[in-house]
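Residue numbers for the sequence shown follow our numbering, beginning at 234 and rising by one. The C-beta atom is built at its ideal place from N, Cα and C for all residues, glycine as well. Everything numeric in this text was worked out from a predicted model, so none of it was measured. A short write-up of the structure that comes next.
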Amino acid sequence: MKKQLLLFTFIIASVFIACEKDDDDDSTSSNGNGGGNQNPPTNNLPTSYFIVENDTFYVNNSQQTFDPNAFRYQFNLSTKDQLNQTGNDGETKSTIGLVMTLKEKPTSSGQAPISQSRFQLDGSDSVNFYLSYFINTGSPHEGLNFLSETGGTLSFDITNNTFSMNVPGITLIDESGTTTNQSLNGGYVEVQSW
234 MKKQLLLFTF IIASVFIACE KDDDDDSTSS NGNGGGNQNP PTNNLPTSYF
284 IVENDTFYVN NSQQTFDPNA FRYQFNLSTK DQLNQTGNDG ETKSTIGLVM
334 TLKEKPTSSG QAPISQSRFQ LDGSDSVNFY LSYFINTGSP HEGLNFLSET
384 GGTLSFDITN NTFSMNVPGI TLIDESGTTT NQSLNGGYVE VQSW
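Right, here's the structure in full:
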């Protein structure tokens, strides 16, 4: 009887200790620092971000896109939650693509007037922002495209082969001509190896 009572006490104590164990004791802690965790940490968010309609979207990928007549640079934007997810293409899920267009690639710090035109004329020094909501993202705006409104100025810095800009607040106009507009409320972008 004493052995059974001792065994019963041991089992109860073991169950109690197992219930008290918190995430800090686990080798796959919830912050992503342990081995084998399926969700990478998001506490190291990307430096570059845009704020659209007061929601922050982080740059998960950026690259120059081909155009023989202009310089176009695309930023793919993800929510904080999407930074931990991949789409069917194996890349980080994105809700928005934002393309910045200038006539030529800037090689030194400067300013450019913001234009609604995506197609820069010879000699134009303006910049255009074109925002597209990707399809199959669940966004209420998926499939819609927006152009920056003419007016305002973009200032950018190029130092040590790094492009950076503080994104100004811009009204984005629905390309299809509806009254649906979006607000680009600001942000910060940094591109190394410019």
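In three-state terms, what does DSSP make of residue i?
i    : result
L316 : helix
D358 : coil
G420 : strand
F299 : coil
S281 : coil
F330 : The sequence given here has Gly at residue 330, not Phe. It is a strand residue.
I368 : coil
S397 : strand
T404 : strand
S409 : coil
S350 : coil
T325 : strand
Our contact map puts residue i next to residue j with C-beta atoms below 8 Å; I'd like the distance itself, whole angstroms only.
i    : j    : result
Q349 : I406 : 7 Å
T334 : Y363 : 7 Å
V400 : L417 : 7 Å
I347 : G402 : Contact doesn't hold; Cβ gap of about 11 Å is too wide.
T404 : E382 : 4 Å
V360 : L380 : That pair is no contact at about 12 Å.
T289 : E423 : T289 to E423, Cβ: 16 Å. No contact.
Under 6 Å Cβ to Cβ from residue i, same chain only, skipping five residues before and after it: list those, please.
i    : result
N294 : N309
Y306 : Q297, M333
E375 : Y366, I368
G371 : none
D358 : A345
If I measure Cβ to Cβ from residue i and keep anything under 7 Å in the same chain, skipping five residues before and after, which residues do I get?
i    : result
E337 : F304
K326 : S311, Q315, Q318, T319, G320
S426 : N394
G420 : Y282, F283, I284, V400
N287 : N418
Tell me the DSSP bridge mates of residue i?
i    : result
R305 : T298, T334
T289 : I284
L387 : A345
S426 : None; S426 has no bridge partner.
T392 : T395
L310 : V292, I329
L380 : Y363, I406
Kindly list the residues whose CB is nearer than 8 Å to the CB of residue i, restricted to its own chain and excluding five residues on each side of it in sequence; keep chain order.
i    : result
S341 : I391
F389 : P339, S342, G343, Q344, A345, F396, S397, M398
S409 : L377, N378
G330 : Q307, F308, N309, L310, L364, S365, F367
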